[in-house]
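Trainee: Here it is, the structure in full.
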């Protein structure tokens, strides 16, 4: 097996990045105009990287399958972005953000990368404010913060429930400035279908114009992949329908190692599935857990009554409700990390306490918050002996100010007013911590090929803290890659323009066209979605929150058989010389069918529970315990997820030593 060199600088964690920047090679401004860079993906990571590289003077080409970078999936992020600025004065620091991120990832992140992330986080907020991002502000005009799961401070900056959208517009405006200057050439409605290597270095890509079907060759001195995660391998997820793994998977097949593919985040706060006909799930921001209280009925009789409609959740008194997160984790309460909240919700529903028709939902209740804010506002406005209706009116106005668009979205989908009746939520596949392996420079195992944002593996370990996705994407794009890529490109200033009329480009283009021709000419019986849904069911049932060796072995066999049937019997209508959504989807599902098998293999190798995944055979429980009939407070079903097993891995390497010695490895619980 190849030895992976993470290229982590020597020295203490707090000095690594500063010292490293002081000694890396740079590219003279006059030379940057002679160097080309391709950026695949224009979300927060790709958009910020493209804008920054272009502003530095490089010639940048951007590629996205959407009709505009403004439609990148980063736009869907709701709750906020972390930064260690300590505006609240509640004890936050770079070190604490670093510590929370490593601990929240079950100690499986690369510590040097995470410390750098925490270090540059404060710069992100200043950058975005300068771009005009309308972060929420408090009464005095200062930037406001709220808290997210897994932390004991308020460090999350937000713009209502539209943080991703506002940050993306900031990055997009920076891109537009460079497009106008001619430093960025955008290729929208284009999909990268292969990377081209020349003498071991990434020298370009093969892309398809999704409108005309034309296959194009594009060369560069370096290629940056910023294409997001692969949660859609589960079919049902919070990801946009177009989110896919193709760019990352194609570079993997050309020699870029994958790391931690089985680490998937199961987000606890999603609108529950309502039937088998659904094609995606809807995320409700984790920020709602700042004020919402999660509960299920204590009595199975009440559960049955709620399901058959003879009782409403508002009919149950406080002592008839089980606020199970507050009971199990009093220090963190409803703001436990996402993996803990997700597993706990699944456990309650598996035990029979799910409150909707499918039995897969728990309540997220804002009644207490509305009452609390109402009393506070009445005092502020000197309203004495305020009626219950007045208190509700005052409190609901504050909740609306903080979460109004999220409540509106919920009501449109579920047709229930969440101000008056508790929301229903259930865990769903969301972010993927695994991805392409990168070193400290964010370079993959292919020279000149970089990977940033969610597409790489480095920062989140086995579980991502809420509001850290936007932080990583913008940190990589604005403040990390522009430095580290220069160290590599400083050796390319005499290379000259990369030609595309070479055998390497010929071979890559032929591979792409052969695959497209196969799908168009394969007259099978089933649609692409037929196979995608089958894959998603295998993945959720056997590679989801609960896993065991037998199920994972079965999954590998079933996915292989499904893939073979896919190539025999898939049907793709239309032609390749037109806008053909089914053809696009066929290529992406073909990649998911290969990734899914690797995903199961990785999960099988990891005989541990960590992150959002519970390895069933790692703890022996009797039936009474599994149903939590005893209702003890030890949270036995999840104990192994907090037990450190073996050394933290660099994914496929499994041998990188923990640098951060101060962490007390015995403290695994948030209790």
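Numbering (my numbering), first residue to last: 627 to 1297. The beta-carbon is built from N, C-alpha and C at its ideal position, and this holds for glycine as well. Quick caveat, the model's predicted, so the values are computed rather than measured.
1. For the 8 Å Cβ check, are there 3 or more pairs between the region 890-903 and the region 1049-1062?
2. Determine, using beta-carbon pairs with one atom in the region 1202-1221 and one in the region 831-846, whether at least three such pairs fall under 8 Å.
3. Which of helix, strand or coil does DSSP assign to residue 811?
4. Taking the alpha helix (DSSP H) that residue 754 belongs to, which residues open and close that run?
5. Which residues share a DSSP beta bridge with residue 1050?
6. Do you know how far the Cα of residue 900 is from the Cα of residue 1039?
7. Helix, strand or coil for residue 761, going by three-state DSSP, please let me know.
8. Buried or exposed for residue 806, going by 16 or more other Cβ atoms inside 10 Å?
9. From residue 1274 to residue 734, what does the alpha carbon distance come to, in whole angstroms?
10. With 16 other CB atoms within 10 Å as the buried threshold, where does residue 1007 fall?
11. Are the Cβ atoms of residue 1082 and residue 1111 separated by less than 9 Å?
12. Flag this pair as yes or no: are the beta carbons of residue 704 and residue 911 separated by less than 9 Å?
13. Please state if the CB of residue 920 and the CB of residue 1032 are separated by a distance shorter than 9 Å.
14. Just the Cα atoms here: how many angstroms apart are residue 633 and residue 854?
15. Alpha carbon to alpha carbon, how far is residue 636 from residue 647?
16. Whole angstroms are fine: how far does the CA of residue 1022 sit from the CA of residue 1010?
17. In terms of residues, what are the limits of the alpha helix (DSSP H) holding residue 1083?
18. Let me know if residue 874 comes out buried or exposed under the rule of 16 or more other beta-carbons within 10 Å of its beta-carbon.
19. Beta-carbon separation of residue 673 and residue 700 under 9 Å?
20. Is residue 959 closer than 9 Å to residue 1316 when the C-beta atoms are compared?
21. Within 10 angstroms of its Cβ, does residue 758 collect 16 or more other Cβ (buried), or is it exposed?
22. Helix, strand or coil, according to DSSP, for residue 709 in the structure here?
23. For residue 1131, I'd like the list of residues in its chain whose CB is within less than 6 Å of its CB, leaving aside the five on either flank, ordered along the chain.
24. So what's residue 888 in DSSP terms, helix, strand or just coil?
25. Can you tell me whether residue 1069 is buried or exposed, with buried defined as 16 or more other CB within 10 angstroms of its CB?
26. Which same chain residues, not among the five before or five after residue 1003, have their C-beta less than 6 Å away from its C-beta?
27. Does residue 913 pass the burial test, meaning 16 or more other C-beta atoms within 10 Å, or should it be called exposed?
28. Under the three-state reduction of DSSP, which class applies to residue 994: helix, strand or coil?
29. Could you name each continuous alpha helix (DSSP H) segment of 4 residues or more that falls completely within the region 1008-1068, going from the start of the chain to the end?
30. What distance in whole Å lies between the Cβ atoms of residue 1044 and residue 1036, which are believed to be in contact at a cut-off of 8 Å?
31. Could you tell me the distance, in whole angstroms, from the CA atom of residue 756 to the CA atom of residue 907?
32. Please name the residue or residues paired with residue 689 in a DSSP beta bridge.
33. Whether or not the region 731-748 and the region 1095-1106 are in contact is what I'm after, with contact meaning three or more pairs of Cβ atoms, one per stretch, closer than 8 Å; do they touch?
34. Once the 5 residues before and after residue 1029 are set aside, which same chain residues still bring their CB inside 8 Å of it?
35. Check the DSSP bridge columns for residue 1240 and list the partner residues they point to.
36. Beta carbon of residue 810, beta carbon of residue 818: below 9 Å?
Mentor: Let's see:
1. With the cut-off at 8 Å, the region 890-903 and the region 1049-1062 touch.
2. Contact between the region 1202-1221 and the region 831-846 is present, because at least three Cβ pairs lie under 8 Å.
3. On the chain shown, position 185 is the one that residue 811 refers to. Judged by DSSP in its simplified three-state form, residue 811 adopts strand.
4. Mapped onto the chain shown, residue 754 falls at position 128. Per DSSP, the continuous alpha helix (DSSP H) segment holding residue 754 begins and ends at 737-757.
5. On the chain shown, position 424 is the one that residue 1050 refers to. Residue pairing from DSSP places residue 1050 in a beta bridge opposite 989.
6. The residue given as residue 1039 occupies position 413 in the chain shown. The residue given as residue 900 occupies position 274 in the chain shown. Straight-line Cα distance between these residues: approximately 11 Å.
7. For the purposes of this step, residue 761 is taken as the residue at position 135 of the chain shown. Residue state, collapsed to three classes: coil.
8. Working through the chain shown from its first residue, we reach residue 806 at position 180. Answer is exposed; the Cβ neighbour count stays below 16.
9. What you label residue 1274 is simply residue 648 of the chain shown in a count that begins at 1. What you label residue 734 is simply residue 108 of the chain shown in a count that begins at 1. Residue confidence for residue 1274 is low, a pLDDT of 33 falling below 50, so the modelled location carries little weight and cannot support an answer.
10. Position 381 of the chain shown, counting from 1, holds the residue named residue 1007. Exposed is the call here.
11. Translated into the one-based positions of the chain shown, residue 1082 becomes position 456. Translated into the one-based positions of the chain shown, residue 1111 becomes position 485. The Cβ atoms of residue 1082 and residue 1111 do not sit closer than 9 Å to each other.
12. The residue you call residue 704 lines up with position 78 of the chain shown. The residue you call residue 911 lines up with position 285 of the chain shown. A Cβ-Cβ contact shorter than 9 Å links residue 704 with residue 911.
13. The sequence position of residue 1032 within the chain shown is 406, counting from 1. The sequence position of residue 920 within the chain shown is 294, counting from 1. Cβ atoms of residue 1032 and residue 920: not closer than 9 Å.
14. Taking the first residue of the chain shown as position 1, residue 633 is located at position 7. Taking the first residue of the chain shown as position 1, residue 854 is located at position 228. If you draw a straight line from the Cα of residue 633 to the Cα of residue 854, it is about 24 Å long.
15. Locating residue 636 in the chain shown gives position 10, counting from the first residue. Locating residue 647 in the chain shown gives position 21, counting from the first residue. Approximately 13 Å, taken between the alpha carbons.
16. Numbered from 1 along the chain shown, position 384 holds the residue referred to as residue 1010. Numbered from 1 along the chain shown, position 396 holds the residue referred to as residue 1022. Cα-Cα distance, rounded: 18 Å.
17. Locating residue 1083 in the chain shown gives position 457, where the first residue counts as 1. No alpha helix (DSSP H) contains residue 1083, which DSSP labels as neither H nor E.
18. Along the chain shown, one-based indexing puts residue 874 at 248. Residue burial is scored here from C-beta neighbours: residue 874 has at least 16 other C-beta atoms within 10 angstroms and is therefore classed as buried.
19. Position 47 of the chain shown, counting from 1, holds the residue named residue 673. Position 74 of the chain shown, counting from 1, holds the residue named residue 700. Against a cut-off of 9 Å, the Cβ pair of residue 700 and residue 673 comes out as a contact.
20. What the structure shows of the chain is the stretch from 627 to 1297, and residue 1316 is not part of that stretch, so it cannot be assessed.
21. Position 132 of the chain shown, counted from the first residue, corresponds to residue 758. Exposed, since its Cβ has fewer than 16 Cβ neighbours within 10 Å.
22. Locating residue 709 in the chain shown gives position 83, where the first residue counts as 1. Coil.
23. As a working mapping, residue 1131 is identified with position 505 in the chain shown. Cβ within range, chain order: 822 and 843.
24. The count along the chain shown starts at 1 and reaches residue 888 at position 262. Annotated three-state conformation of residue 888 is coil, per DSSP.
25. Looking up residue 1069 in the chain shown gives position 443. Burial call: buried.
26. Counting from one through the chain shown, the residue named residue 1003 turns up at place 377. In its chain, beyond the 5 residues on either side, 1020 have a beta carbon closer than 6 Å to the beta carbon of residue 1003.
27. Taking the first residue of the chain shown as 1, we reach residue 913 at position 287. Buried, by the Cβ-count rule.
28. Here residue 994 refers to the residue found at position 368 when the chain shown is read from its first residue. In this structure, DSSP gives residue 994 a helical state, which the three-state scheme calls helix.
29. Counting only runs of 4 or more, we get 1014-1040.
30. Looking up residue 1036 in the chain shown gives position 410. Looking up residue 1044 in the chain shown gives position 418. Taking a contact as a CB-CB distance under 8 Å, the pair residue 1036 and residue 1044 counts as one, their CB atoms being some 5 Å apart.
31. On the chain shown, position 130 is the one that residue 756 refers to. On the chain shown, position 281 is the one that residue 907 refers to. Distance between residue 756 and residue 907, taken at the CA atoms: about 34 Å.
32. If you number the chain shown from 1, residue 689 lands on position 63. Answer is 666 and 813.
33. Touching, yes.
34. Counted from its first residue, the chain shown places residue 1029 at position 403. Leaving aside the five residues that flank residue 1029 on each side, the residues in its chain whose CB is nearer than 8 Å to its CB run, in chain order, 786, 787, 911, 913, 914 and 917.
35. Taking the chain shown and counting its residues from 1, one reaches residue 1240 at position 614. Here residue 1240 is bridged, per DSSP, to 1172.
36. Counting from one through the chain shown, the residue named residue 810 turns up at place 184. Counting from one through the chain shown, the residue named residue 818 turns up at place 192. Taking 9 Å as the Cβ cut-off, residue 810 and residue 818 do not qualify as a contacting pair.
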